[in-house]
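Asks: Just dropping this structure here.
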Amino acid sequence: MMKSLREHLLVPIDDLAGQRVQLVYAPNEHLQMLPFAFSHLRMTVYCLLSFLSCGTLLIISVWYPVIFTRIARVALPYSSLSDADVMLIHVHGDGVRAHWVECRVHHPVPDNGDYRTKVPWVWFEFKKQRYVYDYERGEFRRYLATIRQKLSKLQKHSDAGLDEHVVKTRRELFGANRITIDKPSVLELLFIKIAHPFYVFQIFSIVIWLLQSYTKYAIVILSMSVASLGYEVYSEVSNNNRLRSLVLSDRHFEVLRSSRTLRVHETELVPGDIAFVSEGPVCADILLLSGGCTADEASLTGEAIPVNKESAVGTDWITDIMAREKFKASFLHTGSTVTRVFNNDKVCKGVVINTGFSTGKGELFRSILFPKPITFEFERDSYRYLAILWIVAIAAFIKQLVAGFHVGTPFVATLVTSLSLITVAVPPALPLVLTSGIGFSMHRLHQRGIFCIDSQRVNSCGQLSCFCFDKTGTLTKEHLSFVGVVSTNHISSTEQVLDTTHSLEIMSGIRLAMATCHGLSEHRGVVHGYPLEIEMFKATHYSMDCCPDSSNAGYSAIVTSTDLKATRYGIIKQFAFDAAYQRSSVVVEEIATSKRFVFVKGSPEAMSAISVTTPPDLKQKTLSYSSDGYYCIGFGMKELDSNIPINVNNREEVERAVKFEGLALFKNELKPEAKRMLDALYVADIDVRVITGDNALTAVHACRELEMKMKRKMAVVDVDEHTGSTVFMSVDDVKKSDVGQWSSFNLNNMNIVLAEYDLAITGAALDKLQYDYGTDTVHKIIQQTPVFARVRPQQKSWIVEQLISLGFVVGMCGDGTNDCGALKAAHVGLALSSAEASIVAPFTSKAKAITDVPVLIREGRCALATSFLGFKYMVLYPIIQLGMASVLAQIGVWAGVDIQLSDMQYFWDDLAIVLALAVCMLYTSPSKSLSNEKPPSTLFSLEVVASIIGHIVIFAVFFALAFVLMTREKEWYCSINDWFAYMKNGDVSAGSNCAVFKAYNLEKMQFSYEDTVVWLFVHLQYIVAAVALNVKNPFRLPFYSNRIFTIVLIEELVVNLWLLLDSSNAVNDIFQLLPIPVSFRWKLLGLFVGELVVCVSWELIATRVLPKWRRQRQ
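Using full-length UniProt numbering, you'd call the opening residue of the sequence shown number 1 and step up by one each time.
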């Protein structure tokens, strides 16, 4: 299941004079491909249709690229794949959500001097890798820029290199050795952004407003849209430039070609090239064939730890996977830096294994450029709400058209007025409001030292239900501390572990093994390497010299004891740690006596497999130490007989039949803040999982120290090394040799085990269970597995994906390259690293602090609650405004005239009240602590829907009450019908109340009591909604802590209440108002206060009481 899919080898169909290398194929990354051919006629038709539709077809083609291809290209039958000019690739999704891209197919034309077979080479590039047409299979297949060849053959040709013809052929096959990230065209990017439905609608709205002379608000929205577009384009270009700077390189290499040394640019390297290794960045994946060097792999691990690299030895097939895993100590990764080349009789050179996007670094950047799509529920639900608003808008549009026809308004004026109702029903400022809330959250995170490269993931932080952690370096300190050793004699005894301060008590054999069997290097008197090995070396009190003089040139390093004897040992041969063998070894010579020794270091299981003197209870003892949180490393040794020849380059021969010497014990201390952080997550009702490459028992011990929520009984599930079946054992039985036995774990007893235990399962067991019982059974097991141990990097991301498929919203926190896949796969990935993990993860902690996890969740919950708040407000706003406009229009229809809100009334409501309050209310900070309450997961949740519908009903009721109060005012109220009868027909029976209209120019019906009362009262609803929606939220601080919003709210309240109560008529002409009595104004104020109380009460019921009632029923 977890095996890499790179190892699919096929011989290519065509060949250049028999020189084309074998290609390594990989599975295709698309869902479907369709062939098309160029057509000038159809392209002309497409351009004509785009012109006739005023660009509408062009914009739709941006949304759905498949439309462009279908219209502008000629579809070919699938049998004509090789004749296609372009391929239409189905990337992901289905139906209207399907994502398609068009890829140009290349049909290289041979030069006159080329001798080629008759079969053409047809290929295209998709996701930065090439696909070639396989004539035998009749399909395109993805191939990698890599080689597959025997190491012995590579070594044989290392003195000659490739000939020029082969180099030319491979350059054609694989392209240039570069990780190219295309620089976006600002104009093209700007057009794509403008073509987004939100911006298209904003442009439409601005045009309508300008036609209605609603200029002020149109200019404001236009300015904000331009600023927003500019920021989006700037951010995308900046992010692109940042990525491009990470792959920017301009270096020359010396290579062997046709037995000649040439100096070539890095882009000219091809797989199979023999390159001389020099100090500086590594620009391709290279396997050392001779010599040695020290490489800084900080870009891979995040730690500036120089690692010694030596030449590869053997006859195995070399592939990308084999080179990375079996020849790890000889493999130079793209992106690492060679800090020193060893000066000895062998020139340091290697063979180029991978180039371009087929390198490890290239694959990393491919995952960044083409991430796995994640559906964001909030975005999906927002489109559904907008669809509902669009239905309302279309209904209002049709109604207004019909009303205009009955009133007799000119058609163009009626059309523009009707279209303006659509801009009312679907607020163009909605995207601005929603992005502002996310922007405020990202700004606060940035101030806390948490950087975000994907703004959509901020809301996902608020929906997290499960958080996964790497253990070493994340929950625990980065480095292991050396505790001491246990010799063979003490393994079966009850004696205590020897303390490291008494280093002389360490047996001489183990001490020398600890001093020599490692991957450390020395430079200017300072020892460099992995902290674990440095700790171990320091405990021996030996010194090391990695640069011996010419008289000792046969040794790669010399170690010297610091006792009175000052014994010197030279390191002849080192075999680096191999994941397949789980051990490393070294051949050492005592310089004074020429005695040679072999020291082997590795896991106790690996040492037991090659040792001739393994203690009988070694496995039980190591399990016991592991259950106490210790890491165990076994040591073995043997003295070589000078009379028996041995090949020191043959690893199996060197490591065979050693004597087991003892164990070295290490401890990985927990970070002091880890428990406090986990406690905060448990308070927030978040499930916690640990996914680690460490031993299962050690991981369980750490989890128990952290008091993770697990059953009291924990069982380890692993694969039996003898039978290959899955087995389990209780963690608490490990120390009890009389009961500590492994039992079978299968379908027969699985339910019983799961009922009694929570599990700590190994990666091998997961693979086996998946193979034997399938995904459903594995999902059942995963749900009761808080600890995943001994998992490979690919398995980490697979486990995260399975948790997601189980319905969890998953977060992942890790600190190394081995966490990159999981960080990318999770909804929310937080990298505690400055290396590649920080490029892949949506979030990066600058302080590399695990305490940033609760901060991220608090901010995410606040951002999600803020998004719901902003969305609810922007949904209520158009409904309130559309209610005003529709009621006034209907009154006008009954009277046979056209009544509308004035431009100034619209402008005051849209800009001075709604936009100001909507943006400012989003600035409220998150609550100071996490709680077990969670924000709604969808816009269609009970509390959101109930809140919106309740406020709409309350608005309608109080709106109607205000109207009823107005119609009962006999002393001054004159309806539009009475005015019409009074002014046009001379009907004095309408009453003297209508005489007031004689003072106004009423040709365009700009003044009416209906408009005055409706606007003065109803626009206060925006303030009511703002107060009610902000009254209380467990995920945000109280609204009054947001000083900006509080000040703006008070100002809005004071100014608008003054407009309501002012009897001086100072602003009547500005806002198209008629004078009304003070007594009625106070009645409207009473209605306002009553509506405020009712709305606040309903919001508390909808968001606080109803969710609790629903949870109780569930």
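In this text, a Cβ means the ideal position worked out from N, Cα and C, and glycines have one as well. Bear in mind that the values here come from a model prediction, so they are computed numbers and not experimental data.
In terms of DSSP beta bridges, what is residue 131 paired with?
Replies: Answer is 124 and 142, bridged to residue 131.
Asks: Tell me whether the beta-carbon of residue 1039 lies closer than 8 Å to the beta-carbon of residue 936.
Replies: Contact: no.
Asks: Tell me, please, whether the segment 267 to 281 touches the segment 240 to 258 by the rule of three or more beta-carbon pairs shorter than 8 Å.
Replies: The segment 267 to 281 is in contact with the segment 240 to 258.
Asks: Residue 108 by DSSP, collapsed to three states: which one?
Replies: In the structure shown, residue 108 sits in coil (DSSP, three-state: anything other than H, G, I, E or B).
Asks: Run the CB neighbour count on residue 47, radius 10 Å, all protein chains shown included, and call it buried at 16 or more, exposed below.
Replies: Exposed, by the Cβ-count rule.
Asks: Kindly say whether residue 749, judged by its beta-carbon, lies nearer than 8 Å to any beta-carbon of chain B.
Replies: Considering every chain present, this structure includes no chain B. It has just one protein chain.
Asks: Runs of 4 residues minimum, wholly inside the segment 531 to 614: which ones carry the alpha helix (DSSP H) assignment?
Replies: Those alpha helix (DSSP H) runs which fall completely within the segment 531 to 614 and span 4+ residues are 531 to 540 and 604 to 610.
Asks: For residue 261, which residues in the same chain have their Cβ closer than 7 Å to its Cβ, ignoring the five residues on either side in sequence?
Replies: So the qualifying residues of the chain are 254.
Asks: Scan the segment 182 to 223 and note each continuous alpha helix (DSSP H) run of 4 residues or more that stays entirely inside, going in chain order.
Replies: Segments of the alpha helix (DSSP H) lying fully in the segment 182 to 223: 186 to 194 and 197 to 211.
Asks: For residue 459, which residues in the same chain have their Cβ closer than 8 Å to its Cβ, ignoring the five residues on either side in sequence?
Replies: Around residue 459: 376, 378, 438, 860, 863, 864 and 867.
Asks: Check this for me: beta carbons of residue 559 and residue 515, under 8 Å apart or not?
Replies: Taking 8 Å as the Cβ cut-off, residue 559 and residue 515 qualify as a contacting pair.
Asks: Once DSSP output is grouped into helix, strand and coil, what is the label at residue 177?
Replies: Three-state DSSP puts residue 177 in coil, outside helix and strand.
Asks: Tell me whether residue 302 is buried or exposed, calling it buried when 16 or more other Cβ atoms sit within 10 Å of its Cβ.
Replies: Confidence at residue 302 is low in this model, with a pLDDT of 47, below 50, so its placement is unreliable and the value that follows should be read with caution. Classification for residue 302: buried.
Asks: Which class does residue 934 belong to by DSSP, given the choice of helix, strand or coil?
Replies: Residue 934 falls in the coil class under three-state DSSP.
Asks: Name the two residues that bound the continuous alpha helix (DSSP H) containing residue 1107.
Replies: First-last of the alpha helix (DSSP H) with residue 1107: 1106 to 1113.
Asks: Looking only at its own chain, which residues have a Cβ that is under 7 Å from the Cβ of residue 396, when we skip the five neighbours before and after it?
Replies: Closer than 7 Å at Cβ, skipping near neighbours: 421, 425, 882 and 886.
Asks: Using the three-state DSSP reduction, which class does residue 1035 fall into: helix, strand or coil?
Replies: Looking at residue 1035 - three-state DSSP - the assignment turns out to be coil, as it is neither helix nor strand.
Asks: Just to confirm before moving on: does the CB-CB distance between residue 670 and residue 705 stay below 8 Å?
Replies: Yes.
Asks: Report the option in 856, 412 and 1108 whose CA atom is closest to the CA atom of residue 450.
Replies: Cα-wise, what sits closest to residue 450 is 856.
Asks: Excluding the 5 residues preceding and the 5 following residue 1105 in the sequence, name in chain order all residues of the same chain whose CB lies nearer than 7 Å to its CB.
Replies: None.
Asks: Check whether the segment 154 to 165 and the segment 203 to 211 are in contact - that is, three or more C-beta pairs closer than 8 Å.
Replies: In short, these stretches do not touch, since the Cβ pair count stays below three.
Asks: If residue 270 sits next to residue 174, beta carbons under 8 Å apart, how far is it from one beta carbon to the other, in whole angstroms?
Replies: Their Cβ separation, rounded to whole angstroms, is 6 Å, which keeps residue 270 and residue 174 in contact under 8 Å.
Asks: Answer yes if the segment 1053 to 1064 comes into contact with the segment 915 to 930, meaning at least three C-beta pairs across the two stretches below 8 Å, and no otherwise.
Replies: No contact exists between the segment 915 to 930 and the segment 1053 to 1064.
Asks: Over what stretch of residues does the alpha helix (DSSP H) that includes residue 521 continue unbroken?
Replies: It is not in any alpha helix (DSSP H) - residue 521 instead sits in the beta strand (DSSP E) that spans 521 to 523.
Asks: By how many angstroms is the C-alpha of residue 730 removed from the C-alpha of residue 757?
Replies: Roughly 8 Å separates the two Cα atoms.
Asks: Please state the DSSP three-state secondary structure of residue 724.
Replies: The answer is coil: DSSP assigns residue 724 none of H, G, I, E or B.
Asks: Can you check the segment 210 to 291 for any beta strand (DSSP E) of at least 3 residues that lies completely inside it and give the ranges in chain order?
Replies: Runs of the beta strand (DSSP E) inside the segment 210 to 291: 252 to 257, 260 to 265, 274 to 276 and 285 to 290.
Asks: Taking only three categories from DSSP, how would you classify residue 745?
Replies: The answer is coil: DSSP assigns residue 745 none of H, G, I, E or B.
Asks: Please identify the residue among 354, 340 and 355 whose C-alpha is closest to the C-alpha of residue 348.
Replies: The residue with the shortest Cα to Cα distance from residue 348 is 340.
Asks: Determine, using beta-carbon pairs with one atom in the segment 352 to 360 and one in the segment 379 to 390, whether at least three such pairs fall under 8 Å.
Replies: The segment 352 to 360 vs the segment 379 to 390: no contact.
Asks: If you reduce the DSSP assignment to three classes, tell me which class residue 455 lands in.
Replies: If DSSP states are grouped into helix, strand and coil, residue 455 belongs with coil.
Asks: Would you mind stating whether residue 959 and residue 690 have Cβ atoms separated by less than 8 Å?
Replies: No.
Asks: Strictly by DSSP, which residues pair up with residue 450?
Replies: Answer is 845.
Asks: Under three-state DSSP, which class holds residue 653?
Replies: Residue state, collapsed to three classes: helix.
Asks: If we call anything under 8 Å between Cβ atoms a contact, is residue 100 one with residue 66?
Replies: Cβ atoms of residue 100 and residue 66: closer than 8 Å.
Asks: Could I get the ranges of all uninterrupted alpha helix (DSSP H) runs contained in the segment 748 to 821, with 4 residues as the minimum, in chain order?
Replies: 750 to 756, 763 to 773, 775 to 782 and 793 to 805, all fully within the segment 748 to 821.
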